[in-house]
Amino acid sequence: MSSNSLSNYYGILEGEVRARYLKTREDRVDVDLKSDEGSLWRAHESALVRPRKRTEETSLMDLKVELGRRMLDNCRLCERRCGAKRSSMETGHCGVLEAMVSREFLHMGEEPDLVPSYTIFFSGCTFNCVFCQNWDISTKPDSGTTISARTLAKMIESKSGRTDRGAGSGSPLRLARNVNWVGGDPTSNLPYILEVLRECRANLPQVWNSNMYLTEEAMRLLDGIIDVYLTDFKYGNDECALRLSNAPNYMRIIERNHITARAQAEMIIRHLVLPGHIECCTRPVLSWIAENLHDVKVNVMAQYHPEHRASNYEEISKPLRLTEYRKALEIAEQLGLDA
Ligand code: SF4
Numbered sequence: 000m001s002s003n004s005l006s007n008y009y010g011i012l013e014g015e016v017r018a019r020y021l022k023t024r025e026d027r028v029d030v031d032l033k034s035d036e037g038s039l040w041r042a043h044e045s046a047l048v049r050p051r052k053r054t055e056e057t058s059l060m061d062l063k064v065e066l067g068r069r070m071l072d073n074c075r076l077c078e079r080r081c082g083a084k085r086s087s088m089e090t091g092h093c094g095v096l097e098a099m100v101s102r103e104f105l106h107m108g109e110e111p112d113l114v115p116s117y118t119i120f121f122s123g124c125t126f127n128c129v130f131c132q133n134w135d136i137s138t139k140p141d142s143g144t145t146i147s148a149r150t151l152a153k154m155i156e157s158k159s160g161r162t163d164r165g166a167g168s169g170s171p172l173r174l175a176r177n178v179n180w181v182g183g184d185p186t187s188n189l190p191y192i193l194e195v196l197r198e199c200r201a202n203l204p205q206v207w208n209s210n211m212y213l214t215e216e217a218m219r220l221l222d223g224i225i226d227v228y229l230t231d232f233k234y235g236n237d238e239c240a241l242r243l244s245n246a247p248n249y250m251r252i253i254e255r256n257h258i259t260a261r262a263q264a265e266m267i268i269r270h271l272v273l274p275g276h277i278e279c280c281t282r283p284v285l286s287w288i289a290e291n292l293h294d295v296k297v298n299v300m301a302q303y304h305p306e307h308r309a310s311n312y313e314e315i316s317k318p319l320r321l322t323e324y325r326k327a328l329e330i331a332e333q334l335g336l337d338a
């Protein structure tokens, strides 16, 4: 993959551009955070277009944090829209209450543009993929450890050589090129992530590494926060998504969110090639990308191996064949994708 379509990302790494969330911390809004939710959303939309000057006390980030908290009163962070009262300790479909960090480390196995990537894995997921490659954390939403927002912000800053407080002191060999929010899926933990970034001053690109099953409201909260969407576009039809990930209305939601994400930020799309799913999934996914997001980088992934409950589904009960992966690459090439 070439780096042409990640110019803003590289601008941040070169110190020419600031990570978007830093500006959101500085932009001001003219609203009382105790207002009703409708008023808060109106103030949010207006601030995204025309932020106030520094005379106002409340920042756009404060407003996003407050809206994130309100969404936990009646959870609608993902398109399951459970309505769980998570702020009153009621769990929804994903089972996530507090943000539990399963592990965090400098990941060297992501795309070449991204490594080393300070990757923060949350427990729990909004999907139930029968072949989940991270099932040990995605199916255990209460495993892991709680880390205060301030502590995690400091941990992020310690991985960066670039903060608003001046140069970092870490060895260049240990420095991260970005913060990579993942799971499971990070969506259930969006309010916590906003709290962390309100405390943080590292000039590091923020990467949203997700299945993209967010609601439109959650996508609005990510606007002004995320620099690179690292998305997972698995299926080319609703039937496969329902059967293998228990994800209703997959195509409408995932296509909508990809268009929204590209309008907000830069993007890399991952497509994990599943055995026996070339014509029903790989071809339509890659064709849709070529038609709608032709300038976006695509990572056609061959890493599939049968995990979790995959043995119960015949076509995915075995590893991907080399011939199938070659076919996927051939389709990407024929479509002229940046793969
Ligand atoms: S994030 Fe979890 S609780 Fe919230 S709507 Fe989605 S599945 Fe339900």
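Numbered according to numbering that gives the first Met the number 0, the sequence shown spans residues 0 to 338.
Where a beta carbon is used, it is the ideal one built from N, C-alpha and C, also for glycine.
Quiz item: Quick one: Cα of Ser101 to Cα of Phe121, how far?
Solution: One Cα belongs to Ser101, the other to Phe121, and the distance between them is close to 5 Å.
Practice problem: May I ask you to verify whether the segment 180-196 touches the segment 212-225, counting CB pairs closer than 8 Å and requiring at least 3? | Solution: yes
Practice problem: Output the distance between the C-alpha atoms of Gly67 and His43, rounded to the nearest integer angstrom. | Solution: Gly67 and His43: Cα-Cα distance of roughly 12 Å.
Quiz item: On the three-state DSSP scale, how would you describe Tyr249?
Solution: If DSSP states are grouped into helix, strand and coil, Tyr249 belongs with the helices.
Quiz prompt | Alpha-carbon to alpha-carbon, Arg200 and Arg164 | solution = Low local confidence applies: a pLDDT of 47 at Arg164 is under 50, so the model's placement there is unreliable, with the coordinate-based value given in what follows. So the two alpha carbons sit approximately 7 Å from each other.
Quiz item: When DSSP labels each residue in this structure, what does Arg164 get in the three-state scheme?
Solution: Interpretation of Arg164 is limited by its pLDDT of 47, a score under 50 that renders its predicted location unreliable; the figure taken from the coordinates is listed afterwards. Reduced to three states, the DSSP call for Arg164 is coil.
Quiz item: Do the segment 226-237 and the segment 202-209 touch if we need at least three Cβ pairs shorter than 8 Å?
Solution: Enough Cβ pairs lie closer than 8 Å, so yes.
Quiz item: What residues are listed by DSSP as bridge partners for Met266?
Solution: The partner list for Met266 (beta bridge, DSSP) reads Tyr228.
Exercise. Rounded to whole angstroms, what's the CA-CA distance from Leu59 to Leu203? Just pull it up for me.
Key: 19 Å
Self-check item: Residue nearest to Ile277 in terms of C-alpha spacing, selected from Arg149, Ala301 and Ser147
Solution: Ala301
Quiz item: Quick one: is Asp141 near chain C, going by C-beta distance under 8 Å?
Solution: Given the protein chain composition of this structure (a single chain), no chain C is represented.
Quiz item: Using the beta-carbon count (16 or more within 10 Å), is Arg85 buried or exposed?
Solution: buried
Self-check item: Selection from Ala83, Gly335, Tyr303 and Ala152 that minimises the alpha carbon distance to Lys317
Solution: Tyr303
Exercise. Return the chain-ordered list of same chain residues with a C-beta closer than 6 Å to the C-beta of Thr259, the five sequence neighbours on each side being excluded.
Key: Met218
Quiz prompt | Spatial neighbours of Leu39 in its chain, beta-carbon cut-off 6 Å, leaving aside the 5 residues before and after | solution = Leu66
Quiz prompt | Neighbourhood of Leu292 by C-beta, 6 Å cutoff - its chain only, sequence neighbours within 5 removed | solution = Arg261
Quiz item: In the DSSP assignment, what residue or residues form a beta bridge with Ser209?
Solution: DSSP, once it has assigned bridges, lists Thr230 as partnering Ser209.
Quiz prompt | 8 Å CB neighbourhood of Asn348 in its chain, flanking five on each side removed | solution = The chain is shown from 0 up to 338; residue 348 falls before or after that span and cannot be answered.
Quiz prompt | Start and end residues, beta strand (DSSP E) containing Thr118 | solution = Looking at the DSSP string, the run of the beta strand (DSSP E) that includes Thr118 is Ser116 to Phe121.
Quiz item: By how many angstroms is the C-alpha of Ile146 removed from the C-alpha of Ser170?
Solution: Low local confidence applies: a pLDDT of 46 at Ser170 is under 50, so the model's placement there is unreliable, with the coordinate-based value given in what follows. Taking the CA atoms as reference points, Ser170 sits about 24 Å from Ile146.
Quiz prompt | Ala83 beta carbon near the ligand SF4 (any heavy atom closer than 7 Å) | solution = yes
Quiz item: Looking at the unbroken beta strand (DSSP E) that takes in Asn7, where does it start and where does it end?
Solution: Taken as a continuous stretch (DSSP letters only), Asn7 belongs to no beta strand (DSSP E), being part of the alpha helix (DSSP H) at Ser6 to Leu12.
Quiz item: What residue does the alpha helix (DSSP H) around Arg69 start on, and which one ends it?
Solution: That run of the alpha helix (DSSP H) goes Leu59 to Met70.
Self-check item: Range of the contiguous alpha helix (DSSP H) that encloses Glu156
Solution: Ala148 to Ser157
Quiz item: Met266 to Thr144, Cα distance in whole Å?
Solution: 30 Å
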